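Below is one structure, written out as structure tokens, with a few remarks after it.
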Amino acid sequence: MRALTWHGKHNVKVDTVPDPQIVNPRDAIIRITATAICGSDLHLYDSMIPGMSNGDILGHEFMGIVEEVGPANTTLKRGDRVVVPFVIACGKCFFCDHKMPAACDNSNPAEKADASEIAYGYAMTGAFGYSHLTGGYAGGQAEYA
4 MRALTWHGKH NVKVDTVPDP QIVNPRDAII RITATAICGS DLHLYDSMIP
54 GMSNGDILGH EFMGIVEEVG PANTTLKRGD RVVVPFVIAC GKCFFCDHKM
104 PAACDNSNPA EKADASEIAY GYAMTGAFGY SHLTGGYAGG QAEYA
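Note that the working numbering has the sequence shown beginning at 4, numbered continuously upward.
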């Protein structure tokens, strides 16, 4: 598939990258129909956010149509139209239970959460297309996410 990838300060390109795969049984794969550029994307473009790697797929504001769901995903089905939020949340931790998904304890892998805690003083939640400090998840400025 084609995706917008980061290659350093002021250097982004549309590259051919591998298609996304179902990794977690609750995952879904989305065919992207629209995406936006946010002011915070400019922080990545200007290399003001640490934790980016060459070839990372950008984009945290996107929407599309569900193409595939994992076996434990009971809320989505193929063909559903979805708007994807910036943050990734587990839906089960203390913060998610208390309607604070942007503070989710479980969506940022431990080693990456530790790095964000060192950089910012607290562990950040997982986020699409927004550096390895937020989990290193591929973003939505792509054909699929």
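Positions of the beta carbon are idealized from the N, C-alpha and C atoms, including for glycine. Every value quoted in this text rests on a predicted model; they were computed, and no experiment measured them.
Straight-line gap, residue i to residue j (C-alpha atoms, nearest Å)
{"i": "Ala-148", "j": "Asp-49", "result": "24 Å"}
{"i": "Pro-112", "j": "Ala-31", "result": "19 Å"}
{"i": "Ala-106", "j": "Phe-98", "result": "6 Å"}
{"i": "Ile-62", "j": "Leu-7", "result": "The residue you asked about is not Ile; residue 62 is Gly in the sequence shown. Approximately 8 Å between the Cα atoms of the pair."}
{"i": "Pro-74", "j": "Thr-36", "result": "24 Å"}
{"i": "Gly-124", "j": "Gly-42", "result": "23 Å"}
{"i": "Cys-93", "j": "Pro-28", "result": "12 Å"}
{"i": "Thr-137", "j": "Ala-122", "result": "11 Å"}
{"i": "Pro-104", "j": "Val-20", "result": "29 Å"}
{"i": "Gly-142", "j": "Val-85", "result": "15 Å"}
{"i": "Asp-83", "j": "Lys-102", "result": "24 Å"}
Which listed residue (the options) has its alpha carbon closest to that of residue i
{"i": "Val-15", "options": "Cys-107, Ala-37, Met-55, Met-4", "result": "Met-55"}
{"i": "Val-17", "options": "Gly-58, Gly-42, Val-87, Tyr-140", "result": "Gly-58"}
{"i": "Asp-22", "options": "Trp-9, Met-4, Thr-38", "result": "Met-4"}
{"i": "Arg-34", "options": "Thr-77, Val-87, Thr-137, Pro-74", "result": "Val-87"}
{"i": "Arg-81", "options": "Gly-42, Gly-138, Gly-67, Thr-137", "result": "Gly-67"}
{"i": "Phe-89", "options": "Glu-70, His-101, Gly-124, Asp-44", "result": "Asp-44"}
{"i": "Glu-153", "options": "Phe-131, Thr-137, Tyr-140", "result": "Residue 153 is absent from the model: the chain starts at 4 and stops at 148."}
{"i": "Ile-25", "options": "Thr-137, Glu-70, Thr-19", "result": "Glu-70"}
Beta-carbon contacts of residue i that lie in its chain and below 6 Å, excluding the five residues immediately before and after
{"i": "Val-72", "result": "Ala-31, Leu-79"}
{"i": "Gln-144", "result": "Leu-7, Thr-38, Leu-61, Gly-62"}
{"i": "Tyr-133", "result": "His-63"}
Integer-rounded CB distance, given that residue j should sit under 8 Å from residue i
{"i": "His-46", "j": "Ile-40", "result": "At roughly 12 Å, the Cβ-Cβ gap does not stay under 8 Å, so His-46 and Ile-40 are not in contact."}
{"i": "Gly-129", "j": "Ile-91", "result": "4 Å"}
Sequence-distant residues of its chain with Cβ nearer than 8 Å to residue i (five each side left out)
{"i": "Lys-12", "result": "Tyr-48, Asp-49, Ser-50"}
{"i": "Cys-96", "result": "Cys-107, Asp-108, Asn-109"}
{"i": "His-10", "result": "Lys-16, Asn-57, Gly-58"}
{"i": "Asn-76", "result": "Pro-28, Arg-29, Asp-30, Ala-31"}
Practice item. Within the region 75-133, note down every full beta strand (DSSP E) run reaching 3 residues or more, in order along the chain. Key: 84-87
| task | Please specify which runs of the alpha helix (DSSP H), each continuous and at least 4 residues long, are wholly inside the region 32-79, giving them in chain order. | result | 42-48
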